[in-house]
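Enquirer:
Residue numbers (the numbering used here): 36 to 82.
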């Protein structure tokens, strides 16, 4: 829930929030998913 709240504070759309939760809630994390998540966070943090 904290991650969801943080994404909302970053003005993430519903689609972006779902995408981020899908990336980071994977039971088998991998570098590609991690990099995708970081890229999305960078995009959301960029004014």
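Just so you know, even glycine gets a beta-carbon here, dropped at the ideal spot from N, CA and C. These numbers were taken from a predicted model, which means no experiment stands behind them.
(1) Tell me whether residue 73 is buried or exposed, calling it buried when 16 or more other Cβ atoms sit within 10 Å of its Cβ.
(2) Smallest Cα separation from residue 71: which of 81, 49, 55 and 80?
(3) To which residues of the same chain is residue 59 closer than 6 Å at the C-beta, ignoring the five residues directly before and after it?
(4) I think residue 68 touches residue 61, with their Cβ atoms under 8 Å apart; what is that distance to the nearest whole Å?
Expert: Inspection of the coordinates gives the following:
(1) exposed
(2) For residue 71, the nearest C-alpha among the options comes from 55.
(3) For residue 59, where only same-chain residues beyond five positions count, the Cβ hits under 6 Å are 72.
(4) 6 Å
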